[in-house]
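*Asks:*
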Ligand code: SF4
Ligand code: SF4
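In this note's numbering, the protein residues as written are 7 to 409.
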């Protein structure tokens, strides 16, 4: 699936390592889109087929109680509960409302700020959903792949028809003053066939408060599509061109988490993007049946890579956090291969997403299959920052500070 990342972020290192602060709740197990690169339906894992269509009220109750119990016990500053699928809106407003009402009630009085988000393809987004989201303070992230041409090619419905027009209609509604505060942002997967600047400007047309960019999920064994004449680091170059357009805008047009996090890391801060930083992941996924799974992106590795032997009925999140699979997910620098650990940019890159490091020969003990791209982008941003500082210094020295 390519709908996962808008709300997701790595935990700042200040939080205790064994605490989950991102709960990805799979309310519905099917989707009305047929994206050819969806890791849930089109990659290695077929676990969705054994899942019930929708999470039952009993699983919801148990899950909500477990989340509240975990947060009450560890008291992290913030946590995110991300409503997900498949396509979560296919469950219908009453199902989403039932879970949100329960969670808000269970989390009352916690010291943790609990953000509730939904990540959707937006095809079913209407006033009924938005009124529910207003009542329970649910922020909406929408998956949109840039231009109409790119989106229709990469996000068709199950009948193969383009979906850009219906998503654009939903975004117009979401931008209306009554619902605008619920608009979390857009999630776009890098498409080398599309122009990066046109992609960014097509996203901007929907006035997003934030944009996140995702690399197509891939491993060394299942590498990302690379055009034969793409040269070295085609994804890094694509992102660098988009960075320049974003960075050189005369005013800030939107938050762009991938780049904001990169700049924050350069300035000594922390990343809120799962892509960067040596932190590891604190994501836990709960399937409609109540099965507890590792980060969804691992479905791109193999049929089993995201699976644990844990279930919300029998195991609480403290027990899950002690599971070796979750420990591996949050290992951070210690979980990296020798090449990454000795890399000069490891504090920024962090080896990329863990799933992207996998190869059949030595598991996750590799640099990212996007290593050249990540390295190129990091170098490009560093150059732009260094150049920008030199220009400011020159202006200052020449007495042209306000020029
Ligand atoms: S819209 Fe549906 S098919 Fe497409 S990536 Fe998301 S979950 Fe997968
Ligand atoms: S993936 Fe490549 S660029 Fe990133 S830390 Fe590892 S070696 Fe360095």
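C-beta: ideal position from N, C-alpha, C; glycine also.
Considering only their Cβ atoms, is the gap separating residue 196 from residue 226 smaller than 8 Å?
*Replies:* Residue 226 sits at position 220 when you count from the first residue of the chain shown. Residue 196 sits at position 190 when you count from the first residue of the chain shown. Against a cut-off of 8 Å, the Cβ pair of residue 196 and residue 226 comes out as no contact.
*Asks:* Just checking residue 373 against ligand 2 - is the residue's beta carbon closer than 7 Å to any of the ligand's heavy atoms?
*Replies:* One-based indexing of the chain shown puts residue 373 at position 367. Yes; taking the cut-off as 7 Å, the Cβ of residue 373 has a heavy atom of ligand 2 nearer than that.
*Asks:* Please tell me whether residue 246 and residue 362 are closer than 8 Å, where the distance is taken between their beta carbons.
*Replies:* Residue mapping note: residue 246 aligns to position 240 of the chain shown, counting from 1. Residue mapping note: residue 362 aligns to position 356 of the chain shown, counting from 1. Contact flag unset, no.
*Asks:* Looking at residue 428: is its Cβ nearer than 8 Å to the Cβ of residue 335?
*Replies:* The chain is shown from 7 up to 409; residue 428 falls before or after that span and cannot be answered.
*Asks:* Going by DSSP in three states, residue 7 sits in which element: helix, strand or coil?
*Replies:* Position 1 of the chain shown, counted from the start, is the residue given in the question as residue 7. Unreliable positioning characterises residue 7 in this predicted model, as indicated by a pLDDT of 48, which lies under 50. The coordinate reading is nonetheless provided below. Of the three classes helix, strand and coil, the one that applies to residue 7 here is coil, per DSSP.
*Asks:* Check whether the region 57 to 67 and the region 254 to 267 touch, using three or more Cβ-Cβ pairs below 8 Å as the test.
*Replies:* no
*Asks:* Any contact of the region 318 to 325 with the region 66 to 85, i.e. 3+ C-beta pairs under 8 Å?
*Replies:* Yes, the region 318 to 325 is in contact with the region 66 to 85.
*Asks:* How would you write the range of the alpha helix (DSSP H) that residue 370 sits in, first residue to last?
*Replies:* Residue 370 sits at position 364 when you count from the first residue of the chain shown. That residue, residue 370, is in no alpha helix (DSSP H); it is neither H nor E in DSSP.
*Asks:* If you reduce the DSSP assignment to three classes, tell me which class residue 352 lands in.
*Replies:* Position 346 of the chain shown, counted from the start, is the residue given in the question as residue 352. Helix.
*Asks:* Within the continuous alpha helix (DSSP H) that includes residue 203, where are the two ends?
*Replies:* To locate residue 203, count along the chain shown from 1; it is residue 197. Taken as a continuous stretch (DSSP letters only), the alpha helix (DSSP H) holding residue 203 covers 202 to 210.
*Asks:* Which stretch, first to last residue, makes up the alpha helix (DSSP H) that contains residue 137?
*Replies:* For the purposes of this step, residue 137 is taken as residue 131 along the chain shown, with counting starting at 1. Start and end: 133 to 142.
*Asks:* Once the 5 residues before and after residue 49 are set aside, which same chain residues still bring their CB inside 7 Å of it?
*Replies:* Mapped onto the chain shown, residue 49 falls at position 43. Cβ within range, chain order: 305 and 306.
*Asks:* Using a Cβ-Cβ cutoff of less than 6 Å, which residues in the same chain neighbour residue 212 once the five nearest sequence positions on both sides are dropped?
*Replies:* Looking up residue 212 in the chain shown gives position 206. Counting only Cβ-Cβ distances below 6 Å, and skipping sequence neighbours, we find 177.
*Asks:* DSSP three-state label for residue 317, please.
*Replies:* Counted from its first residue, the chain shown places residue 317 at position 311. Strand at residue 317.
*Asks:* Would residue 389 be called buried (16 or more neighbouring beta carbons within 10 Å of its own) or exposed?
*Replies:* The sequence position of residue 389 within the chain shown is 383, counting from 1. So residue 389 ends up on the exposed side.
*Asks:* Tell me whether residue 214 is buried or exposed, calling it buried when 16 or more other Cβ atoms sit within 10 Å of its Cβ.
*Replies:* Here residue 214 refers to the residue found at position 208 of the chain shown. Buried, by the Cβ-count rule.
*Asks:* Let me know the alpha helix (DSSP H) ranges lying completely inside the region 268 to 310, each 4 residues or longer, listed in chain order.
*Replies:* none
*Asks:* Near residue 209, what residues of its chain come up, given a Cβ to Cβ distance below 7 Å and the 5 sequence neighbours on each side ignored?
*Replies:* Residue numbering aside, residue 209 sits at position 203 when the chain shown is read from its first letter. Excluding positions up to five away in sequence, the list reads 150, 152, 192, 194 and 217.
*Asks:* Three or more beta-carbon pairs under 8 Å between the region 135 to 143 and the region 82 to 102, yes or no?
*Replies:* yes
*Asks:* For residue 90, which three-state DSSP category applies?
*Replies:* Taking the first residue of the chain shown as 1, we reach residue 90 at position 84. In this structure, residue 90 counts as strand in the three-state DSSP scheme.
*Asks:* Count the CB pairs spanning the region 352 to 366 and the region 299 to 319 that are closer than 8 Å, and state whether there are at least three.
*Replies:* yes
*Asks:* What separation, rounded to the nearest whole angstrom, lies between the Cα atoms of residue 299 and residue 312?
*Replies:* What you label residue 299 is simply residue 293 of the chain shown in a count that begins at 1. What you label residue 312 is simply residue 306 of the chain shown in a count that begins at 1. One alpha carbon belongs to residue 299, the other to residue 312, and they sit about 6 Å apart.
*Asks:* Tell me whether the beta-carbon of residue 126 lies closer than 8 Å to the beta-carbon of residue 101.
*Replies:* The residue you call residue 126 lines up with position 120 of the chain shown. The residue you call residue 101 lines up with position 95 of the chain shown. At least 8 Å separates the beta-carbon of residue 126 from that of residue 101.
*Asks:* Where does residue 148 fall in DSSP's three states?
*Replies:* For the purposes of this step, residue 148 is taken as the residue at position 142 of the chain shown. The three-state secondary structure of residue 148, taken from DSSP, is strand.
*Asks:* Would DSSP call residue 254 helix, strand or coil?
*Replies:* As a first step, residue 254 is located in the chain shown; it is residue number 248 there, counting from the start. Here residue 254 sits in coil by DSSP.
*Asks:* Could you name the residues of the same chain whose beta carbon sits closer than 6 Å to that of residue 185, not counting the 5 residues immediately before and after it, in chain order?
*Replies:* Within the chain shown, the letter at position 179 stands for residue 185. 136.
*Asks:* Given the structure, does residue 358 come close to ligand 2, in the sense that its CB is under 7 Å from one of the ligand's heavy atoms?
*Replies:* Counting from one through the chain shown, the residue named residue 358 turns up at place 352. Checking the Cβ of residue 358 against ligand 2 gives yes.
*Asks:* Tell me which same chain residues have a C-beta within less than 6 Å of the C-beta of residue 124, skipping the five on either side of it?
*Replies:* Your numbering for residue 124 matches position 118 in the chain shown. So the qualifying residues of the chain are 89, 94, 144 and 146.
*Asks:* According to DSSP, residue 129 sits in a beta bridge with which residue or residues?
*Replies:* Here residue 129 refers to the residue found at position 123 of the chain shown. According to DSSP, residue 129 bridges with nothing at all.
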